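Structure first, commentary second.
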Amino acid sequence: MNQRFDLGGVIVATTLAFTPDDSAPAGLAVDYDRFAAHCEFLLDNGCRGVGPNGSLGEYSSLTDEERRTVIQTAVRTVGDRGLVVAGVHGVGSHQATHWAELAAEDGADAVLLLPPTIYRANRSEVLAHYAAVNEVGIPIMIYNNPFDTKVDLTPDILAELAELDNVVAVKEFSGDVRRVLEIKELAPDLDVIAGADDLLFESLVAGATGWFAGYPNAFPREAVEIYTLVTEGRIDEARELYRHLVAAFRWDSKTEFVQAIKLSIDMAGQSYGGPTRPPRGPLSAEHEAQVRKDTEAALTYIAARPSR
């Protein structure tokens, strides 16, 4: 295993800005300038890096050209200030390997990789999928999201995948915080990265070494502060901040997470969220009201805190 590459810290699964354009898919063109500005905003607020072309980045709604240009924009913007961990998810290993090769060619530092998408792969197919992408030679963060893929990368499977030379970490999104310690027991050299925002505190306390996150798109400074407080052992302070943000963070684990996080970004007013491209539509009136309530509560608390 590649032990020299550390994917700890707060790496943000970036949202992607669109602008109305009748000639673009679904009438929405990727706004690369706003995306670049958003990456800058996250780095300026202490995040270690960005993770473009994840599900939060609406990769499945992008053309091939858009998908590659997003990575190139992120790499150019981040430069040597941080990391770019490119989503390279694909239906099969040939697609995922293609995207990993392009990510490496375009200067990404590492890739985030789901099991085969759409198709519910069995164990041997999952192992073959990761083994194929491993041959590209770029560090891999496995992404375990059984809700979307219907494939649960259990700790025993992760232990086997961890034997691949370039597999260095797992973004754990099973919702079971017990997995953190079990993964560390079975695969002690595999970095466990918190994937669900509303299990961040619990995962870090249990031993996760990073956070590949959604809500730092809206609250990057406070997200980094929670991470830092836990890693410094200031658990009470971390829990106090976390409990005032976790209601908003829970939207990261809901079906409407992309729309919710983009709305929270717009409400925070320091960056741009904007619309989503189909198949994602606007929030229902009920959901929008609740996102606004949860986000406003977080913003009110943040505004009332002493300057730090």
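The sequence shown runs 2 to 309 under the numbering used here. C-beta atoms are modelled at their ideal positions from N, C-alpha and C, and glycine is treated no differently. Computed from a predicted structure; not experimentally measured.
- Counting of Cβ neighbours within 10 angstroms places glycine 83 among the buried residues, the total reaching 16 or more.
- Here alanine 97 is near leucine 114, since their CB atoms are less than 8 Å apart.
- At a Cβ-Cβ threshold of 8 Å, serine 94 and valine 152 do not count as neighbours.
- Per the C-alpha coordinates, the member of Phe250, Asp23 and Leu103 positioned closest to glutamine 73 is Leu103.
- Excluding five sequence positions before and after lysine 294, none of the CB atoms of its chain fall closer than 6 Å to its own CB.
- Comparing alpha carbon positions, the residue from Phe202, Gly9, Tyr131 and Thr296 closest to valine 92 is Tyr131.
- For threonine 296, the three-state secondary structure derived from DSSP is helix.
- Shown here for glycine 47: same chain residues with a beta carbon closer than 7 Å to its own, the five before and five after excluded, namely Pro221, Arg222 and Val225 in chain order.
- Short of 7 Å from the beta carbon of tryptophan 100, and not among the five residues preceding or following it, lie these beta carbons of its own chain, in chain order: Val89 and Gly91.
- Rounded to whole angstroms, the Cβ separation of leucine 57 and proline 217 is 11 Å, and the two are not in contact under 8 Å.
- Beta bridge pairing from DSSP links tryptophan 212 with Val11 and Ala195.
- In this structure, the straight-line span from the alpha carbon of arginine 69 to that of aspartate 22 is close to 20 Å.
- For tyrosine 144, the three-state secondary structure derived from DSSP is strand.
- It is roughly 6 Å from the alpha-carbon of isoleucine 141 to the alpha-carbon of asparagine 167.
- The alpha-carbon of threonine 256 is positioned some 19 Å away from that of alanine 195.
- Going by C-alpha positions, valine 13 is about 11 Å away from alanine 87.
- For the set Leu165, Glu161 and Phe148, the Cα lying nearest the Cα of glutamate 173 is the one of Phe148.
- Its chain contains Val193 and Gly208 as the residues whose beta carbon lies nearer than 7 Å to that of lysine 185, once the 5 sequence neighbours on both sides are disregarded; these appear in chain order.
- Boundaries cannot be given for alanine 18, as no alpha helix (DSSP H) includes it and DSSP labels it neither H nor E.
- Exclusion of the five residues before and after isoleucine 227 leaves Ala239, Leu242 and Tyr243 as the residues of its chain whose Cβ lies within less than 6 Å of its Cβ.
- Isoleucine 143 counts as buried, since no fewer than 16 other beta carbons sit within 10 angstroms of its beta carbon.
- About 4 Å separates the Cβ atoms of alanine 105 and isoleucine 139, confirming a contact at the 8 Å cut-off.
- Counting along the chain, leucine 284 sits inside no alpha helix (DSSP H), nor does DSSP assign it H or E at all.
- Cβ neighbours of threonine 20 within its own chain (closer than 6 Å, five residues either side excluded): Ala30 and Asp32.
- Between the beta-carbon of leucine 159 and that of alanine 188 there is about 6 Å, and that keeps the pair under the 8 Å contact cut.
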